[in-house]
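Q:
Protein chains in written order, with this note's numbering: chain E, 1 to 688; chain C, 1001 to 1415.
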């Protein structure tokens, strides 16, 4: 090289200088190598930490739809007025130099402007500016407000790079006022926020569940977010069971902030994946009818109705309606209940228990409804003859002078069918004890799925209680006595069931002895039907257990249940316990039940009354179970509810038939469903 | 004959050096633009602005752009460099003493009438532009020392000459220190030392000088770090703090009460802020950088706007162009430095040789201190990076220095 050629001439001084400069440059080069290449990762992390704020933006939560894609739960846009603080910096400064500081100096000429004083004055200036904005805006929308100082400071010191929400949830008139009168302010914006919305308020609230504010980081989150926009977690019902599916994946937004902590720009690091819609097997119309029918029952005491109703498609196991009363309005959980609202809604009332889903999570004694099982157990016994009549004194004792079980059916001669439709305790206790025996009854109950979960998605139902046939002991482990069997024969004592279990039992009778897997979720599908994502479908008509019951024996029960509703006495008047469910051209089969409820001190408190049924007799399509706590009697209180629901179902069937010519057993598929159109304009079609 | 003449002319210009200088000027313009334009509120393009506004408004706006001013300074500097090549450097050397005393006069006057910026009087306001005499002082000290030391080497043995040399350096040194501008003052010392060494001042003097300087620096450090307040050398507070930062000292070590400690910590945060942000800028650039005008440190104001385009321009380049950018800058400087050493070797006489070495030393000191400061191996001193930092006086002086090198090259020995 040119330079070193010259230095070869043993010019010692220049050599020394050259070596010195080379050494210096080598130091710089290695220093730069160390800083820019070796430690680059650390400095880049430092730089990101100081200039990026990660914000978690929740994805749009999926809707919950009924079987015809009618929304049961959706997201309602709410409009907030947001103030973008970074746009106000000039105004903050202006306010400080032209107003706050001169005023302070005039008032306190001798106070030195230390760092702290300046800090306080700047704070004051910012407060004034924002407070002015709020006053201006809130006055234009005719809802004057003043700025809560601490709320603003908290936002300013912690979340300066995010917009400050001045006003929340504007009404449409307020929005119009805002748009017309406040167009010139660049720092203000009307931002949309989606709020969970339950359009039918109390309807199926237990089934749908509700949300609760939740901003805690998930365990599998790969970003340590500095800010989290409000997010909600499902705590009950479908909202909880399918929370992760409904929630989708949150977006990660990075806000670039300048040295003062104001927002400079934004960048989406990972975009949100919207949650899936959950399509239920529920039919909104039937659900509404069920709710109406149930709440029409005024409790004996005039108190709000406590009870539940489950309507099944008995051939597929689809849950068409599932209602629990009293209910609550899940919309209230979004802003959160105030103490007063919580009290008013009697959310923690020990008797009303509005938060409990009575249809799937409450334990009831089935009362005489259980005679269906006892009857089947008797019929399976070779020594039992259903035609044989026995005399009932309407009072049953195990031994003379023993505990008396009284009967609501009059004394007289009873064969099986008569005993069934008049619900003779004596008949079923005698035959249950001496013909069927405890073991056969318990085995039969177990076959019908008593004492085990029905298989609804996570946490939706409870086991109930039923003894195990392998080792027959009582719930507390003590020895099983004949008295326990006698009690069980009339559905009391060592037994607890949910209305859903009873509905499934009834469906199994109706469909020829198949215990169905109840289906509540029809499909999980993308919110955007055009996204091409394959929906997750849950098949209908899954048989949980084929009960292998002799059809002839089953026919005895089916006829007995028909009698319960349709039997007429000598003068042609209906005399079955379920006569109130009678419909002229729709043959309902049913069984009433009344179970005594005792309080903590073992004193009689009230009756829980039942009516289980299916219809139509010839080729059953529907099965339902209705329970009302503190009702008069199963036939008096619940049977009319059932009739009302069946009427609504018939109306619905006609409606669907008119719309498509096809009975509502299969939902429209994703391929032919047209989002946004209601059923009447977009009839569901069966695909060939 | 004609061809030979042409060849002769061709070799008049030292192309590698001027190409390197051109490269640095382009980089300087680009990154001063990057460092100063990101926060312009309106994003009108140059052409649109030209179309939309009147001549006067456009002109005023145009001339107030930092990068435009820098380009003007480059032009002026190249002109000055060319002017300095018109006559033999001997003629320049003959005027060296006059230049020297004029400089001393300017340094005195800047202390008296200079514009006070951030607690220091460094600029003389000439209306059209501001002018920084300490930059010129480096050149004139270099000139006067080279001239003074270019006498026969026997004379250099006399102690009186040694002390005179020292005196010539220390007078402007003290004046510049008084402004105060520690960085510019300190650059005079290596120039003096290297010139004496190359001129052939006996090693004994040099060793004594180095030893003395070493002891002084040691004492200064000990004083700053450990001495109780009443024994301290009267340094400016910020200078002391910068050294404390450099030696990674805890500001709160002497604080006894909690609020005092809090204040000390706050002060420490303030004082370490620049250097930390410069380091983050350089480091976060990585191997290839974030791209021109993509650096965030400067755009978001973490790297203070007041210094990003001048003393810390290297941080901007390193952040946006990464280690590769840094290597390119260092390479261009290396070309200039070794061209200077080569020219020193080719110089016709001792004067030329000393001048060339002086220029090289001056460049190198600036480069080493400035880049070193960006990566924390040197304390923070307000020293510009030659040809890259924004600043008319600095650019002018650097180009004049390059012109002097060129001058020595033109009048090199012809064998």
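Each residue gets a CB set at the ideal place from its N, CA and C atoms; glycine is no exception.
Using DSSP with H/G/I as helix, E/B as strand and the rest coil, what is residue 71 of chain E?
A: Of the three classes helix, strand and coil, the one that applies to residue 71 of chain E here is strand, per DSSP.
Q: Classify residue 247 of chain E as helix, strand or coil using the three-state DSSP reduction.
A: Note: residue 247 of chain E maps to helix in three-state DSSP.
Q: For a quick check, are the C-beta atoms of residue 1032 of chain C and residue 1313 of chain C less than 8 Å apart?
A: In this structure, residue 1313 of chain C lies closer than 8 Å to residue 1032 of chain C by Cβ.
Q: Could you tell me which whole alpha helix (DSSP H) segments of length 4 or greater appear in the segment 51-104 of chain E?
A: Those alpha helix (DSSP H) runs which fall completely within the segment 51-104 of chain E and span 4+ residues are 89-95.
Q: For residue 1318 of chain C, would you say it is in contact with chain E, using Cβ-to-Cβ distances shorter than 8 Å as the test?
A: Answer yes: the Cβ-Cβ gap between residue 1318 of chain C and chain E drops below 8 Å somewhere.
Q: Flag this pair as yes or no: are the beta carbons of residue 1025 of chain C and residue 1074 of chain C separated by less than 8 Å?
A: It is a contact, given that the beta carbons lie within the stated cut-off.
Q: Using 10 angstroms around the beta-carbon of residue 550 of chain E, count the other beta-carbons present and answer buried if the total reaches 16, otherwise exposed.
A: So residue 550 of chain E ends up on the exposed side.
Q: Return no unless some Cβ of chain E is closer than 8 Å to the Cβ of residue 1082 of chain C.
A: Output row for residue 1082 of chain C: interface = no.
Q: So residue 1368 of chain C contacts chain E; which residues on that side make the cut at Cβ distance below 7 Å?
A: Near residue 1368 of chain C (Cβ distances below 7 Å), the residues of chain E are 24, 28.
Q: If we ignore side chains and look at the alpha-carbon of each, how far apart do residue 147 of chain E and residue 275 of chain E end up?
A: Their Cα atoms are separated by approximately 36 Å.
Q: Would you say residue 1408 of chain C lies against chain E (beta-carbon separation less than 8 Å)?
A: Not an interface residue.
Q: Check whether chain C comes within 8 Å of residue 13 of chain E, counting only Cβ atoms and requiring the distance to be less than that.
A: Cβ-Cβ to chain C under 8 Å: yes for residue 13 of chain E.
Q: Using the beta-carbon count (16 or more within 10 Å), is residue 1423 of chain C buried or exposed?
A: Here chain C has residues from 1001 to 1415 only, and residue 1423 of chain C is not among them.
Q: With DSSP collapsed to three states, give me the class of residue 408 of chain E.
A: Of the three classes helix, strand and coil, the one that applies to residue 408 of chain E here is coil, per DSSP.
Q: Which first and last residues belong to the alpha helix (DSSP H) in which residue 524 of chain E is found?
A: Element bounds for residue 524 of chain E: not the alpha helix (DSSP H) but the beta strand (DSSP E), 521-526.
Q: Do you know how far the Cα of residue 211 of chain E is from the Cα of residue 76 of chain E?
A: Approximately 14 Å between the Cα atoms of the pair.
Q: Anyone know if the C-beta pair for residue 416 of chain E and residue 560 of chain E falls short of 8 Å?
A: Cβ distance < 8 Å, so residue 416 of chain E and residue 560 of chain E count as in contact.
Q: Check whether the segment 80-94 of chain E and the segment 158-171 of chain E touch, using three or more Cβ-Cβ pairs below 8 Å as the test.
A: In short, these stretches touch, since the Cβ pair count reaches three.
Q: DSSP beta-bridge partners for residue 364 of chain E?
A: Looking at the DSSP assignment, residue 364 of chain E forms a beta bridge with E:497.
Q: Determine the closest residue to residue 1173 of chain C out of C:1108, C:1205, C:1198, C:1130, with distance taken between C-alpha atoms.
A: Residue C:1108 is the option with its Cα nearest to residue 1173 of chain C.
Q: Using 8 Å as the threshold, is the C-beta distance between residue 311 of chain E and residue 622 of chain E below it?
A: Against a cut-off of 8 Å, the Cβ pair of residue 622 of chain E and residue 311 of chain E comes out as a contact.
Q: Roughly how many angstroms lie between the CA atoms of residue 239 of chain E and residue 222 of chain E, to the nearest whole one?
A: About 24 Å.
Q: Along chain C, in chain order, which residues have C-beta atoms closer than 8 Å to that of residue 160 of chain E?
A: Chain C residues near residue 160 of chain E: none, gap ~13 Å exceeds 8 Å.
Q: Could you check whether residue 497 of chain E and residue 432 of chain E sit closer than 8 Å to each other, using their CB atoms as the reference points?
A: No, the pair does not count as a contact, with Cβ atoms beyond the cut-off.
Q: Please identify, using Cβ separations under 9 Å, the residues of the segment 240-274 of chain E that lie next to chain C, in order along the chain.
A: Taking 9 Å as the Cβ-Cβ cut-off against chain C, the residues of the segment 240-274 of chain E that qualify are 256, 257, 258, 259, 260, 264.
Q: In or out: residue 1089 of chain C buried (at least 16 other Cβ within 10 Å) or exposed?
A: Buried, because 16 or more other Cβ atoms sit within 10 Å of the Cβ of residue 1089 of chain C.
Q: Measuring CA to CA, which of E:113, E:565, E:571, E:569 is closest to residue 579 of chain E?
A: The option with the nearest alpha carbon to residue 579 of chain E is E:565.
Q: Report the rounded CA-to-CA distance for residue 270 of chain E versus residue 252 of chain E, giving the unit in angstroms.
A: Straight-line Cα distance between these residues: approximately 5 Å.
Q: For residue 43 of chain E, which residues in chain C fall below 9 Å Cβ to Cβ?
A: Neighbours of residue 43 of chain E on chain C, chain order: 1279, 1280, 1281, 1282, 1283, 1284, 1285, 1286.
Q: Alpha carbon to alpha carbon, how far is residue 413 of chain E from residue 389 of chain E?
A: Approximately 6 Å, taken between the alpha carbons.
Q: Determine the direct distance from the alpha carbon of residue 313 of chain E to that of residue 291 of chain E, and round the result to whole angstroms.
A: Rounded to the nearest angstrom, the two C-alpha atoms are 17 Å apart.
Q: Looking at the secondary structure, which residues open and close the alpha helix (DSSP H) in which residue 544 of chain E lies?
A: No alpha helix (DSSP H) contains residue 544 of chain E, which is instead part of the beta strand (DSSP E) from 543-546.
Q: If the criterion is Cβ atoms closer than 8 Å, does the pair residue 634 of chain E and residue 576 of chain E meet it?
A: The answer is no: Cβ separation not under 8 Å.
Q: Got a sec: is the Cβ-Cβ distance from residue 1337 of chain C to anything in chain E below 8 Å?
A: It does; some Cβ of chain E falls within 8 Å.
Q: Can the beta-carbon of residue 279 of chain E be found closer than 8 Å to that of residue 523 of chain E?
A: For residue 279 of chain E and residue 523 of chain E, yes; Cβs fall inside 8 Å.
Q: Tell me, which residues are paired with residue 476 of chain E by DSSP?
A: Residue 476 of chain E pairs with nothing; no bridge assigned.
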